[in-house]
Amino acid sequence: MSTRSVARRLRLPSLGGTAPTAGVARTADRRLGYALVAPVVILLLLVTGYPLVYNLWNSFHNVILSNAGAPQNFVGLKNYQELASAAAFPAALARTLGFMVVSVVIETIAALGLALMLHKAFHGRGALRAAVLIPWAVPTVVSALLWTTMFDSRSGFVDYVLGILHLPGSQTTWLAGEWTAWTAVLVADAWKNVPFIAIILLAGLQLIPGDVYEAAKIDGATAWQSFRRMTLPLLRPALMVALIFRTLQAFLVFDIIYIMTGGGPGTTTETLSYLNWQAFLVDTNFGYGGAISISLVVFSLFIAGAIVLVMRPRT
Amino acid sequence: MDSVPAPTTSVTPVTPGAVPVAVAVGRWRGPRGRRRFAGQVFFYLGVLIVLLIALFPFFWILRTSLESNAEFVQGVGGANGFLPSHLTFSSYIDDFTQLHFLTPLLNSAIVALGTTAVTIVVASLAGYALARLPIRGGGATLTFILLAGFFPVLAMVGPLFLLYRDLGLLDNIYPLIITYLVYTLPLSTWLLRNFFAQIPKELEEAALVDGATRLQTLRKVVIPVSVPAVFTAGILSFILAWNDFAFALSFLDSPSKFTAPLAIVVFGQSQYQTFFNRIDAAVVVITIPIAILVLIAQRRIVSGLTAGSLKG
Amino acid sequence: MATIELDKVTKVYANKNQAVSGLSLDVADGEFMVLVGPSGCGKTTALRMVAGLEEISGGTVRIGGKVVNDLSPKDRDVAMVFQNYALYPHMTVAENIGFSLKLRHLDKAEINRRVKEAGQTLGLEGMLNVKPASLSGGQRQRVAMGRALVREPAAFLMDEPLSNLDAKLRVQMRAEVSRIQRRLGVATLYVTHDQTEAMTMGDRVAVLAHGVLQQCEPPQVLYDHPANLFVAAFIGSPAMNIYQGEIAGDSGQLTVRLGDHRIVIPPTQLEARPALASYQGRQVAMGIRPEHVAIGHELPDNPSVIPAEIDLLESLGAEVIVHFRIKADHIRPEGAAAEGEDQTLPIAISGGSDKTAPGVARVDPRVQLKVGEDVTLVPDTEHLQFFDLDTGAAITS
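Protein chains in written order, with my numbering: chain A, 1 to 315; chain B, 1001 to 1312; chain C, 2001 to 2397.
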């Protein structure tokens, strides 16, 4: 797979052919180029490549730190078999996929609305955009704790309002029930991430030339038809980018789960990343954890690939 | 790897197309004008609702943080209604005196600034090389850099834990500076690379003809002209680095080494009965600088998030 | 003795596109050499190869006698003025001009002195501490020139420096640039697509088409003795009238037949173009410049006249440009094709359904002419030009 075909596959802008120097100078430039790129590549390889290889290695061995004396011998596919058989992993996989789908769908639709809103030129658009950016900019920890507070049965806003409006459920301990806990997690996740998706979609909207709509209007399209047949197709590239990011992030969700629910109640909100963390840092089972990690990487690749395949703009 | 922002188009926003939301801003003009006016009202109502959703939670935690311990235990309702019956700063004081919250804040600042500094330098050099120098495999390299940004964070935690343990670097904030680069380098390199690529070639050519070497050109001509983009990359990197929780949770052990996000969570968990008023005070403290940063640099942040090619 | 020598220089791109083919050119010390041609002819590519901004595929480039093919721009001791000026936006005018000197570690006093001098030469005194963004196009162009001047280089390279200026400014700057270059006496390679600039500024003009050098001579020589159809049509405005005609021998005289009419070729022409005789019975391209076409009303005894109809009159005050139509086959050589037409055809012969061809004449305003009128064209046969239809080359010896 040549450089060019990789770049073309991902539709990256063309590279390298812009060096305005000749002869010997060109070779010097090339060497300089390698030197300048080296730090980034080395650093990133260290933080991603090294763990990948190490995980792979560990996943075929018995590496449990808490068993201080145990030999770390080769165990073949045992860790992977454990993945498939132990109830925790498939259940977590199902839950994670479910959360991924639900959150991405809801958040994307909401973000589309927000992007359309931000696209209009109106007084205070800047203020709205700034206000909406803050939830994205604050650490996930803030979002998680903030919504834990909001959903708390005693000091939370949600139950307070439900009580004032005399609606049922004003005494719910949200994080103590499976579905209510997922709801709280979803709200926290959406609150932080809808702005992010919206900004990306907004950029896509701004690329659509205005005369496309005017032509459609003359042709007799209603607002909805215009939206469906003009906006959405032309927004496809931006949607694809947003989807890749958010879908993977939702699939790999950890922070919110750990902070808000700790995987609970029981194990009902355990996601794959949470399992991974547990294996590494609680069970200190780096072999089993390694297997989970490899599966995370593989699933991520599949998901990203699937999105690209489905959403890729047809030239 | 929460919230690694996306590379999309570098856009100086073009005149927005008239997107057909079912609303038109129009002047009062009879029955049709009345419909438009109603539409306008609904639109601004929508804006208001969005604003509330975005900002009200901050109000709520501010409110909670200003409750005294006694009121908090009481719960919300009655006299302790929408606004607490007594406002007090006791939570803040407690956070800083009893829980020594200043230390985690400093730790976070050190690490985030460190990561940002490293990122700006490294990403600028790499971005320039990828934009202007004739390296073979530039496309593949850029692809790798982008893909690295998608690597599952939790998959990195295990091996890096073992590595840092072997190097005696656990419970130390400095390895975090390197670790956080996985958040910041992909986006920054992409952003800066695209920016450098659209600087007119003639500018660098003039410098070369004037007698500058490549590095001199980069230093004296390209970088000075790129200050806005570098600044944007810096802001985004800072936000991303500050945001981390998973790595801090995994590599840090003693409270004096915690970063702010970790500290808040651990402090909150350590109480038998979670005192949200104290947790929320810490949350407020952590939020204010970020909020200010966003308000000041909001345009830059948006343009940085959307930097790159939307095609792919 | 600093000179620029190009020896069979070639540029081939990765996609096999050959931008410059075997260009050989010498610019003497102090000479102002203009590279001119239509867009895409390779002139800018050639210039950039001399500057070191483009890799040389074949041939050698020598500056000051030294082969520079493998040298980076900074080692070639050339100064360049870019079409879009390429001023450093973050530096003041003074810093822009002095940048190259700073890079060479000249001491501050010397840099200041030279910058001041350049500023005076170019009328930039009041603007030395301003940033380029607040300057007009003409001022920016002068800063770009100042940046080149102050280097005292072995050669000047200029890439269409005047094309972004408005017409009046361009005329003014033409004179300035020429004056400055003459004063400095530095070998200069100047690229432009404007043949007027080429003619007025160059000591010698090199005409390029499709990467191949057509002719390199002083302007007047190009004008009076174009080496081929392309140069003939490219140089001179309004362009030379070119028609297809047949050489015939008529009772001892050589004539060229245009449509139904014959033009007698005078003996002086035959002396200058002995090869013409061998073209008897063949078609050739015949050219005559607008100023060599006289227009009259009567039919004089002179057999070498052509009836014409007046299409359009353009009064320029000092003269009148007359657009006419005659019965003949018109030739539009390469480079003279209209927008959007295929420029790769060497010649385009058109005659229309009624086989009339357009032409242009420059006449004294005192001649009374009306549109639609039938008149007589009297070509000054001493100034006819003849070209081979297959090669486009001028028919000489």
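Here a beta-carbon is modelled for each residue, glycine too, at the ideal position from N, C-alpha and C.
#1: Report the rounded CA-to-CA distance for residue 2030 of chain C versus residue 2187 of chain C, giving the unit in angstroms.
#2: Below 8 Å CB to CB, which residues in the same chain sit around residue 2277 of chain C once its five sequence neighbours on both sides are set aside?
#3: Exposed or buried, what is residue 266 of chain A when buried is set at 16 or more other beta-carbons lying within 10 Å of its beta-carbon?
#4: Measuring CB to CB, does residue 2247 of chain C end up less than 8 Å from residue 2256 of chain C?
#5: I'd like the list of long-range same chain contacts for residue 1120 of chain B, defined as Cβ closer than 8 Å, with 5 residues on each side in sequence excluded.
#6: If you follow the beta strand (DSSP E) that residue 2024 of chain C is part of, which residue opens it and which one closes it?
#7: Taking 8 Å as the threshold (C-beta atoms), are residue 2240 of chain C and residue 2287 of chain C in contact?
#8: Are the Cβ atoms of residue 1302 of chain B and residue 199 of chain A separated by less than 8 Å?
#9: Applying a beta-carbon distance threshold of less than 8 Å, which residues of chain B neighbour residue 2084 of chain C?
#10: Applying a beta-carbon distance threshold of less than 7 Å, which residues of chain C neighbour residue 1211 of chain B?
#11: Could you name the residues that DSSP lists as bridge partners for residue 294 of chain A?
#12: With a cut-off of 8 Å, do at least 3 Cβ pairs link the stretch 2062-2074 of chain C to the stretch 2212-2229 of chain C?
#13: Give the residues from the stretch 1213-1225 of chain B that approach chain A closer than 9 Å (Cβ to any Cβ), ordered along the chain.
#14: How many angstroms separate the CA atom of residue 2133 of chain C from the CA atom of residue 1052 of chain B?
#15: Grab the span of the beta strand (DSSP E) containing residue 2189 of chain C for me, first residue to last.
#16: Where residue 2251 of chain C and residue 2310 of chain C are concerned, what is the direct C-alpha to C-alpha distance, given to the nearest angstrom?
#17: Along the chain, where does the beta strand (DSSP E) that runs through residue 2313 of chain C open and close?
#18: Distance cutoff 8 Å, beta carbons only. Does residue 2365 of chain C sit that close to anything in chain B?
#19: Residues in the same chain with beta-carbon distance under 6 Å from residue 1091 of chain B, minus the five sequence neighbours each way, listed in chain order, please.
#20: Compute the minimum distance between the beta carbon of residue 311 of chain A and the heavy atoms of the ligand NAP, and state whether it is under 7 Å.
#21: Whole alpha helix (DSSP H) runs in the stretch 88-158 of chain A with 4 or more residues, listed along the chain?
#22: State yes or no: is the C-beta of residue 1200 of chain B within less than 8 Å of the C-beta of residue 2051 of chain C?
#23: Please tell me whether residue 2028 of chain C has its Cβ less than 8 Å away from any Cβ of chain B.
#24: Quick one: is residue 2280 of chain C buried, meaning 16 or more other Cβ sit within 10 Å of its Cβ, or exposed?
#25: Find the nearest neighbour of residue 245 of chain A within the set B:1305, B:1296 and B:1219, judged by alpha-carbon distance.
#26: For residue 49 of chain A, which residues does DSSP report across the bridge?
#27: Counting beta carbon pairs with one atom in the stretch 1131-1144 of chain B and one in the stretch 1290-1301 of chain B, are three or more of them shorter than 8 Å?
#28: Taking its Cβ as the centre, do 16 or more other Cβ atoms sit within 10 Å of residue 282 of chain A, making it buried, or is it exposed?
#29: Less than 7 Å between C-beta atoms, sequence neighbours within five positions excluded: which residues of the same chain meet that for residue 2047 of chain C?
#30: Examine chain B for any beta-carbon lying closer than 8 Å to the beta-carbon of residue 2190 of chain C, and answer yes or no.
#31: Whole angstroms are fine: how far does the CA of residue 1218 of chain B sit from the CA of residue 1299 of chain B?
#32: Alpha carbon to alpha carbon, how far is residue 2113 of chain C from residue 2211 of chain C?
#33: Can you say whether residue 2330 of chain C is buried or exposed, counting buried as having 16 or more other CB atoms within 10 angstroms of its CB?
#34: Compute the beta-carbon to beta-carbon distance between residue 254 of chain A and residue 273 of chain A, rounded to the nearest angstrom, for a pair I have assumed lies under 8 Å.
#35: Which chain A residues are close to residue 1179 of chain B, counting only those with a beta carbon under 7 Å from its beta carbon?
#36: Name the one or two DSSP bridge partners that residue 2205 of chain C has.
For this structure:
#1: 4 Å
#2: 2254 and 2270
#3: exposed
#4: yes
#5: 1188, 1230, 1233, 1234 and 1237
#6: 2018-2027
#7: yes
#8: yes
#9: 1200 and 1202
#10: 2074, 2100, 2103 and 2104
#11: For residue 294 of chain A, which the question treats as bridged, DSSP gives no partner whatsoever.
#12: no
#13: 1213, 1214, 1215 and 1218
#14: 43 Å
#15: 2187-2192
#16: 33 Å
#17: 2306-2315
#18: no
#19: 1065, 1277, 1278 and 1281
#20: Of the ligands one can find in the structure shown there are none, so the ligand NAP has no counterpart to examine.
#21: 88-119, 125-137 and 140-151
#22: no
#23: no
#24: exposed
#25: B:1305
#26: Residue 49 of chain A pairs with nothing; no bridge assigned.
#27: no
#28: exposed
#29: 2035, 2157, 2159, 2189 and 2191
#30: no
#31: 26 Å
#32: 42 Å
#33: buried
#34: 4 Å
#35: 47
#36: C:2034 and C:2217
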